[in-house]
Amino acid sequence: MGNKQTIAQRRKGDQVNLRLSPLGVASRIVGDAGLTIFSVTLVLIVRAIIGVDVTGSRVESFLDAMASSGLLLLVVLTTSVCVTNAALGVYSRQRTYPMRTKMVRLAQSVALAGAAAGVLFFLLPASLEVPIGAFVASWALAAVVLPLARWWSWAYRLDIKTIEYRQDIEARRAAAVEAAAGTTPRKSGTVLVIGGAGYIGSALLPRLLATHEKVRVLDVFMYGTETIAPYLEHPKLEIVDADYRKLDKLVSALQDVDTVVHLGGLVGDPACAWNEALTVEVNLTFTRVIAEIAKASGVKRFVFASTCSVYGASDEVLDEESLLNPVSLYARSKIGSERVLRRLMSPEFAVTILRFGTIYGISGRTRFDLVVNLLAAKAYVDGMITVFGGDQWRPFVHVDDAAKAVATVVGAQEALVAGRVFNVGSEEQNATLGDVGRIINNLVPRATYLDSGRDGDRRNYRVSFRRIRDELGFVPDWTLEAGIRQVLEALRKGEVSDYRDPKYSNVEFLKEMSGRSFLSTAVDDARELISAGDDEYRVPAREPVDDVVLDMDENRTPAPLQYTGHVPSIEAAGSTKLRN
Ligand SMILES: NC(=O)c1ccc[n+]([C@@H]2O[C@H](COP(=O)([O-])OP(=O)(O)OC[C@H]3O[C@@H](n4cnc5c(N)ncnc54)[C@H](O)[C@@H]3O)[C@@H](O)[C@H]2O)c1
């Protein structure tokens, strides 16, 4: 699938201007013109060498051909190529296309240019006739040479990028070693896990409890406390059962914390699309609030859970430096959060962003709204594996490996992770939805496999995990097949009662929560407060001020006197009674 967004759309706000300067456009036009001239010249030279239309020596023959029709061919073909390239956006919007698409588009543009030049030659007077063989050969050669030159320049730059990347890694490693020299291994104090009772959080807790002095979980426990039941009594664990939008709770949860791992929020495209205002508040606005308070409270490290969904749709293998192309509010809320965190980053406040692939496998709070788990459950329970868009690529990672990546970052030297973005997963687990369906089908052969064509999900991306492997030595322990076996085993043992239960699906659970205070945003609250009816400000007209009574019974706490908004007249005030 082509990546058709313009640079401006994709990079808006990133302070990176990828628009070509006039000089850049000019140099590309000169390059394309040069390659077309080269194609025509080469064809005429070859014709002279092999003896087509030879009248004298080879050189004379070439110069004759050039003078009679070659120059015309050269000017017309070169101009048409540059004009069609410009008209089809080769020097503007097509620059953002993946390389393969770019090459195809360029070849198409040259084909169109040749057709236009052909029509022109056909219309020219007979005296200016251009040999058809020379024209077709030049045209075909240009259609090959131009895309190839683009590919070569891309591959060359990629190589340079790789060298620079390696040098960068080495510099970072050296810095980390230097930072660590003479010091004991990093021993962080309290780790606060926000959203620690969720799918990843419940897998992360045992790892952190094994290595850290104190672990605190701040969670609203949307899915109950049973998700972390085995650890509730652990002596190193502290629980703060609260919505992180309650500032008093948030501030006290952040006291004496060394590292924050932020896993909380509304997760997944459908859940986020269900209530956009709530998503923006919970995912973006409060990531900023949490990070600002954390920084002000002296937190040193902040690890944020983002997603590979930020890459959206692309034919290329994407790394942490690739352009982002979000296709959902969920992904946008993550990109917004990443930006906010980058702005807050300082030498005292080290931020690390982890972009997880799509997760699968069993944890304390297994989700069945994720494709691998869902397809496995459907195969086992319903005997059907229905895949929508089997050709879509996704990077997959087991929930235990996601937890391992977080623990690795928390335990790593700061120089290795400060200000870094890491994709979490492995190249081996970049797979199409069709691949997933077929693995499941092999394990559940009685199930029927069906590819029903694309649904509304436009995501399609393969991701590079080289950085996390090279810089942190992170390699997943699980494979897709082992994870699917684990899910099937849990179903077989009855550990999952009904995979359709809303507690296993973020969006279905949110729908079930209707009426709960969690669903209202600060704006909803403000609206409610500001639009209070007049009645709430006034004492009912018939209620005389004489009736205001202070209860002075010694044995009872006096009832608080309610302010009613009514200002008594002087006469009325004098008649206020005290009752003994
Ligand atoms: N699961 C995946 O496939 C996946 C993939 C990529 C990224 N991620 C990211 O990893 C993180 C964790 O994902 P997950 O699958 O464990 O999600 P989850 O929905 O299972 O867990 C989220 C947790 O956050 C808590 N929470 C939500 N709002 C809260 C609030 N206002 N105050 C306090 N607690 C709140 C919930 O109670 C829940 O325990 C998320 O940031 C998610 O975007 C997950």
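Residue -12 is where the sequence shown starts when you use my numbering, and the numbers rise one by one after that.
Heads up, the beta-carbon is just placed ideally off N, CA and C, and yes, glycines get one too.
Treat the numbers as computed from the prediction; the structure is a model and nothing was measured.
For this session: Report yes or no: do the region 267 to 286 and the region 235 to 253 share at least 3 C-beta pairs separated by less than 8 Å?
Result: yes
Exercise. Using the beta-carbon count (16 or more within 10 Å), is GLY38 buried or exposed?
Worked result: exposed
Problem set entry | Integer-rounded CB distance, given that LEU467 should sit under 8 Å from ALA418 | 6 Å
Exercise. Looking at HIS249 and ILE322, is the spacing between their C-beta atoms short of 7 Å?
Worked result: no
Exercise. Which of helix, strand or coil does DSSP assign to ASN262?
Worked result: coil
Exercise. Start and end of the beta strand (DSSP E) containing THR345?
Worked result: 345 to 347
Exercise. Which stretch, first to last residue, makes up the beta strand (DSSP E) that contains SER293?
Worked result: 288 to 294
Exercise. TYR186: buried (16+ other C-beta within 10 angstroms of its C-beta) or exposed?
Worked result: buried
For this session: Taking 8 Å as the threshold, find out whether the region 358 to 371 comes into contact with the region 397 to 414 through three or more Cβ pairs.
Result: no
For this session: Drop a sphere of 10 angstroms on the beta-carbon of MET209, count the other beta-carbons inside from all chains shown, and report buried for 16 or more, exposed for fewer.
Result: buried
Problem set entry | Spatial distance of SER44 from ALA35 (CA atoms) | The alpha-carbon separation between SER44 and ALA35 amounts to approximately 9 Å.
Exercise. What's the gap between the Cα of THR71 and the Cα of LEU99?
Worked result: 7 Å
Exercise. Cβ of THR23 versus every heavy atom of ligand 1: is any distance shorter than 6 Å?
Worked result: THR23: no, Cβ never under 6 Å from ligand 1.
For this session: Just the C-alpha distance for SER309 and ASN360, rounded to the nearest angstrom, thanks.
Result: 29 Å
For this session: For ASP512, name the three-state secondary structure that DSSP assigns.
Result: DSSP, read as helix, strand or coil, puts ASP512 in helix.
For this session: Taking ALA363 as part of the alpha helix (DSSP H), name the residues at either end of that continuous run.
Result: 358 to 364
Exercise. Out of curiosity, what's the CA-to-CA distance linking VAL63 and SER48?
Worked result: Straight-line Cα distance between these residues: approximately 21 Å.
Exercise. Start and end of the beta strand (DSSP E) containing PHE461?
Worked result: Counting along the chain, PHE461 falls outside any beta strand (DSSP E), and DSSP gives it neither H nor E.
Problem set entry | Exposure label - GLY188; buried when at least 16 CB within 10 Å | buried
Exercise. Taking C-beta to C-beta, are PRO134 and LEU93 nearer than 7 Å?
Worked result: yes
For this session: Could you tell me if ASN429 is buried or exposed, where buried requires 16 or more neighbouring beta carbons within 10 angstroms of its beta carbon?
Result: exposed
Problem set entry | Beta-carbon proximity of VAL628 to ILE226, cut-off 7 Å | Residue 628 cannot be examined here, being either before or after the span of the chain that is shown, -12 to 567.
Exercise. If you drop the 5 nearest sequence neighbours on each side, which residues of the same chain put their C-beta closer than 7 Å to that of VAL12?
Worked result: TYR78
Problem set entry | Rounded straight-line distance, which links the Cα of ARG326 to that of MET332 | ARG326 has its alpha-carbon roughly 10 Å from the corresponding atom of MET332.
Problem set entry | Buried or exposed (CB count within 10 angstroms, at least 16 for buried), ASP19 | Looking at its Cβ environment, which holds 16 or more other Cβ atoms inside 10 Å, ASP19 is buried.
Exercise. Hey, would you say the C-beta of ASP206 is under 6 Å away from at least one heavy atom of ligand 1?
Worked result: yes
Exercise. Which residue comes first and which comes last in the beta strand (DSSP E) that contains ASN447?
Worked result: 447 to 450
For this session: Have a look at ASP306, ARG354, GLY105, GLU220 and flag the residue whose alpha-carbon is nearest the alpha-carbon of VAL494.
Result: ARG354
Exercise. Shortest alpha-carbon distance to LEU29 belongs to which of ILE16, ALA52, VAL396?
Worked result: Of the candidates ILE16, ALA52, VAL396, the one whose C-alpha sits nearest the C-alpha of LEU29 is ALA52.
For this session: Thinking ALA103 and LEU22 are a contact (beta carbons under 8 Å), I'd like their distance in whole angstroms, please.
Result: ALA103 to LEU22, Cβ: 18 Å. No contact.
Exercise. Could you give the residue range of the beta strand (DSSP E) that holds GLU303?
Worked result: 300 to 305
Exercise. Any heavy atom of ligand 1 closer than 6 Å to the Cβ of LEU305?
Worked result: no
For this session: Run the proximity test for ALA158: is its beta-carbon closer than 6 Å to any non-hydrogen atom belonging to ligand 1?
Result: No, the Cβ of ALA158 stays beyond 6 Å of every heavy atom of ligand 1.
Exercise. From ARG381 to LEU196, what distance separates their C-alpha atoms?
Worked result: 31 Å
Exercise. Quick one: what's TRP138 bridged to in DSSP?
Worked result: According to DSSP, which records beta bridges pairwise, TRP138 is partnered with nothing at all.
For this session: Return the chain-ordered list of same chain residues with a C-beta closer than 6 Å to the C-beta of LEU191, the five sequence neighbours on each side being excluded.
Result: ALA390, VAL393
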